[in-house]
Amino acid sequence: MRLSLHRLALLASAAIATPVLAQPAIITADAAAAEAAGAEDAEIVVYGKGEVRQVSEISGADIKLTIAGGSPFIAIQKLPGVNFQSADPFGAYEWSTRITLRGFNQNQLGFTLDGVPLGDMSYGNTNGLHISRAVIADNIGRTRVSQGAGALGTASVSNLGGTIEFFSRAPQDKAGIAANATYGDSNTLRLFGTVDTGDIGGFKAYISAAHIDAEKWKGFGSQRSTQVNAKGVVDLGGKASFTAFVNFSDRKESDYQDFSKEMLGRLGPFADNISDNFPLAVQIATIGANRGDTGVTPPANTLGTVYPAPYTTVDDVYYDAAGLRRDWLAGARLEGELTTGITAGLQGYYHNNKGQGSWITPYRASPGGLPLSFRTTEYGVDRWGVIGDISADIATHTLKLTAWYEQNDFEQARRFYTMGTSTTVPITSALTYQSNPFFTQWNNRYRTHIFQFSVQDTFEVGSDVSISWGFKGQNVSLSANAINPVPGPLALGQIESEDLFLPQIGILWKIDGNNEFFAGFTENQRGFVGAATTGPFASSAAGFAVLRDQLKPEKSNTFEAGFRFGQGSLTGVVSAYLVNFSNRLLAIPQGPGIVGNAPILSNVGDVRSLGAELGVQWQPVKNVTITASYAYNDNEYRDDVVNAAGVVVQAIRGRTVVDSPRHIGNLEVVYDDGNFYGRANANGMSKRFFSFSNDQSVGGRVVVDGKLGYRFTSDNRWLNGLAIEGTVTNLLDKRYIATIGSNGFGFAGDNQTLLPAAPRQFFITLRKDY
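What follows is the structure, given as structure tokens:
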């Protein structure tokens, strides 16, 4: 659906009229180097000059222009083709965060931090961790988005539709302390502080800590997180260096209730879990048991079979739910020049996670007869890996070889714990790690071995033309085994995905110093994922036995071409692309998410994406920068779903891919005169479908955020770098559905898989920079 004219007018006028903040600098080739040196005034690379593919980049200074402690995804949603959604103002509530590039969802993208793979950043935590836990947002130095395909050497086996690479900031050359504190709506309090050692004989480092405690914007419960980051760099001389980091995160988030469209119309967007009313939760669960809705044996009671208004089903409201994650992530890299023209690097990393998804369910009783129990999905990640690379300049060629190996031992279990026997007082909280279950439904161990290599040559044909070509190969081997004594109902066994020749080729033509043309082709494959909640092993044992020989890894072929331009203070990029996507795997949920039934996996064949993107940055007058982007994406299924006999079971050919808006637009205005600064951003998109048949959708929307601040400039060391700023999210208090697909997507009909967006929220931040 096209954005209506009045929405487009609002998108433009709101961004111009709202107070605005800190000025992004104009593109320069030295931006990344300036950031690496720790310069505060590092210029922001917006469009990837000199690249053979569509690449966009922003600096950490740009992330500061959004809400303090907010997800870096908020900052990159202004880039062409980026669609980000979250149901909280910080964009960090993991159950709700969704990011797509050109219609590819986040499970089909690649993510790294300082080269370390973050997996596909799925909520289930199967093969990595979310960026909001991997590093404190204040410590992100720059973010690089490859909208169509990442570099051949990127450590990812999920990057079908692009990569998002995060780079933590370098330690400062001078010793110093920086900090900020934020307070605002929902009793939000966030604190951040960092100490840099400065350069001490070739060694420099920092240690940082952050803590946030915020009540939910509706209902009851809190969202808390504590993080610590440490990073050090040693200059070994002779163009060699050693870098290491250790990051810790402990996050506990109370969940919001998922909705269907019917529920939203009947209950309204401010309805939520009833974690403050345990007796009501027991009453609803008892009535559900009496009616036979939950399969639980009814306790002795006289509560009848009619739900209390306004509820009409046991799934209208739950007592409580939460997500708990505790992570350690460490990495180290040694790099340097082996001899003139030859450089090499060796990197190792380790990640350990303990996680728990909590849901108080009416679909299983506690021992003693209470018709509620504490259901968990428990996670344990223990993964390590090694990455090596070598690059050589030989005449007009630059050759690069990479190799990556990872082993991931992932344990996942579904367990149930008692909620006691009292009908008025619960014995535990959803924000508490549980022990001593009364029932384990399944408990499986998944081991993943990944090996990937790449070979690439960049050939300078002349002073104006260069060709980059190469290929990568990958093997992903999975095994799933039950942990005794519980065999469980889910699929077990082994499966492998392999392709040793995935080519990539691109050409760059530098028309002059400001204008260039690029074009390229990339083939990618997404390796299978080993988990009980996603991938081939998420199906039943019987379903896996039928599908195993039919399952093939998802693949994509991306063709893209574009033109980067610059004239004075105006720079930008325009590009077009065609993506042919084969073996698309859909996981169809069976019943409400809280029940936890195994989904049905289906190979729906081919998907085609056809689109165009435009990004522009303009500095019309001193101190004012305007950034705008627009993306058009026609993304549709090319095949129906057929069974083993070739009979069509679901007709979806020609339908639009779920969560894939046809139009996305963003407009940002930034002002900075050295003291006063401000920012306004308006982000709009057209409707999105949340059923594969396209009979269910949510409407388009325009959302406006803003910031206004003042920084002190003084010779006084305590005043210089001090700033106070106010931030508002959802300035126009727009009521809209933020996240779709929180409980997956169905073939047709309404589904309890929607999360409303947070209303307007105000925050004030006191900041002291270096």
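According to the working numbering, the residues represented by the sequence shown are 11 to 780, in order.
Ideal Cβ positions, reconstructed from N, Cα and C, are used throughout, including at glycine.
What does a CB cutoff of less than 6 Å around V126 pick up in its chain, not counting 5 residues either side in sequence? Within its own chain, the residues whose Cβ lies closer than 6 Å to the Cβ of V126, once the five positions on either side in sequence are excluded, are G341 and Y359, listed in chain order.
Just reading off the alpha helix (DSSP H) that F700 is part of, what are its end residues? Counting along the chain, F700 falls outside any alpha helix (DSSP H), and DSSP gives it neither H nor E.
Y103: buried (16+ other C-beta within 10 angstroms of its C-beta) or exposed? Answer is buried; the Cβ neighbour count reaches 16.
From what residue to what residue does the beta strand (DSSP E) around V167 run? Per DSSP, V167 lies in no beta strand (DSSP E) segment and is marked neither H nor E.
Rounding to the nearest angstrom, what Cα-Cα distance links V605 and A295 in this structure? So the alpha carbons of these two residues sit roughly 14 Å apart.
With burial defined as no fewer than 16 other Cβ atoms inside 10 Å of the residue's Cβ, what is the status of R727: buried or exposed? Exposed.
Buried or exposed (CB count within 10 angstroms, at least 16 for buried), H407: With a threshold of 16 other beta carbon atoms within 10 Å, H407 falls short and is exposed.
Determine the direct distance from the alpha carbon of F773 to that of D650, and round the result to whole angstroms. D650 and F773: Cα-Cα distance of roughly 48 Å.
Which runs of the alpha helix (DSSP H) spanning at least 4 residues fall entirely within the segment 127-207, listed in chain order? Those alpha helix (DSSP H) runs which fall completely within the segment 127-207 and span 4+ residues are 141-144.
Does the distance from the CB of V56 to the CB of Q627 come in under 8 Å? A contact, by the Cβ cut-off of 8 Å.
Counting Cβ pairs closer than 8 Å, one from the segment 520-531 and one from the segment 572-583, do we hit at least three? With the cut-off at 8 Å, the segment 520-531 and the segment 572-583 touch.
Quick check: what's the CA-CA separation for F538 versus F686? Roughly 50 Å between the two C-alpha positions.
When you compare only the Cα positions, how much space is there between W338 and K364? Going by the C-alpha atoms only, they are around 9 Å apart.
What did DSSP end up calling E67 once you bin it into helix, strand or coil? It is a strand residue.
Starting from Q293, trace the alpha helix (DSSP H) both ways and give me its first and last residue. Element bounds for Q293: F288 to R301.
R663 lies in the alpha helix (DSSP H); which residues open and close that run? From DSSP, R663 is part of no alpha helix (DSSP H); its letter is neither H nor E.
Excluding the five sequence neighbours on either side, which residues of its own chain have a C-beta within less than 6 Å of the C-beta of A42, listed in chain order? Because A42 sits at a pLDDT of 38, beneath the cut-off of 50, its placement in the model cannot be relied upon, and the following sentence gives the value as read from the coordinates. Cβ-Cβ distances below 6 Å link A42 to nothing in the same chain once the five nearest sequence neighbours on each side are left out.
Quick check on the DSSP output: the alpha helix (DSSP H) that includes G553 runs from which residue to which? A551 to L557 is the span of the alpha helix (DSSP H), which, as asked, contains G553.
On the DSSP bridge list, what partners appear for A250? Under DSSP, A250 takes part in a beta bridge, and its partners are G247.
By DSSP, does I604 sit in helix, in strand, or in coil? Helix.
Return helix, strand or coil for N676, following the three-state DSSP convention. Residue state, collapsed to three classes: strand.
Which partner residues does F114 have in the DSSP bridge list? For F114, which the question treats as bridged, DSSP gives the partners L111.
Under 8 Å Cβ to Cβ from S579, same chain only, skipping five residues before and after it: list those, please. Cβ within range, chain order: I36, W628, Q629 and P630.
Taking the straight line between their C-alpha atoms, what separation do you get for F699 and N761? In this structure, the CA atom of F699 is about 12 Å from the CA atom of N761.
By the three-class DSSP mapping on this structure, what secondary structure does D760 have? Three-state DSSP puts D760 in coil, outside helix and strand.
Measuring CB to CB, does G186 end up less than 8 Å from D206? The answer is yes: Cβ separation under 8 Å.
When the Cα atoms are used, what is the spatial distance from P308 to G379? P308 and G379 have their alpha carbons spaced roughly 8 Å apart.
Check K364 in the structure and name its three-state DSSP category. When secondary structure is reduced to three states using DSSP, K364 falls in the strand class.
Hey, would you say Q417 sits closer than 8 Å to R455, going by beta carbons? Cβ atoms of Q417 and R455: not closer than 8 Å.
Beta carbon of Y216, beta carbon of T204: below 8 Å? Against a cut-off of 8 Å, the Cβ pair of T204 and Y216 comes out as a contact.
Looking only at DSSP bridge pairs, what is G736 linked to? Answer is L718 and I774, bridged to G736.
Taking R336 as part of the beta strand (DSSP E), name the residues at either end of that continuous run. Taken as a continuous stretch (DSSP letters only), the beta strand (DSSP E) holding R336 covers A331 to T349.
Measure how close the beta-carbons of P381 and V292 come, nearest whole angstrom, since I'm counting them as under 8 Å. Between V292 and P381 the Cβ distance is about 7 Å, and since that is below 8 Å, they are a contact.
For I508, does the three-state DSSP call read helix, strand or coil? Residue identity check: residue 508 is Glu in the sequence provided, not Ile. Reduced to three states, the DSSP call for E508 is strand.
Could you tell me the boundaries of the beta strand (DSSP E) in which L411 lies? It spans H407 to T428 - the beta strand (DSSP E) in which L411 sits, taken as one unbroken run.
If I measure Cβ to Cβ from E678 and keep anything under 6 Å in the same chain, skipping five residues before and after, which residues do I get? Result list for E678: K88, T637 and N691, in chain order.
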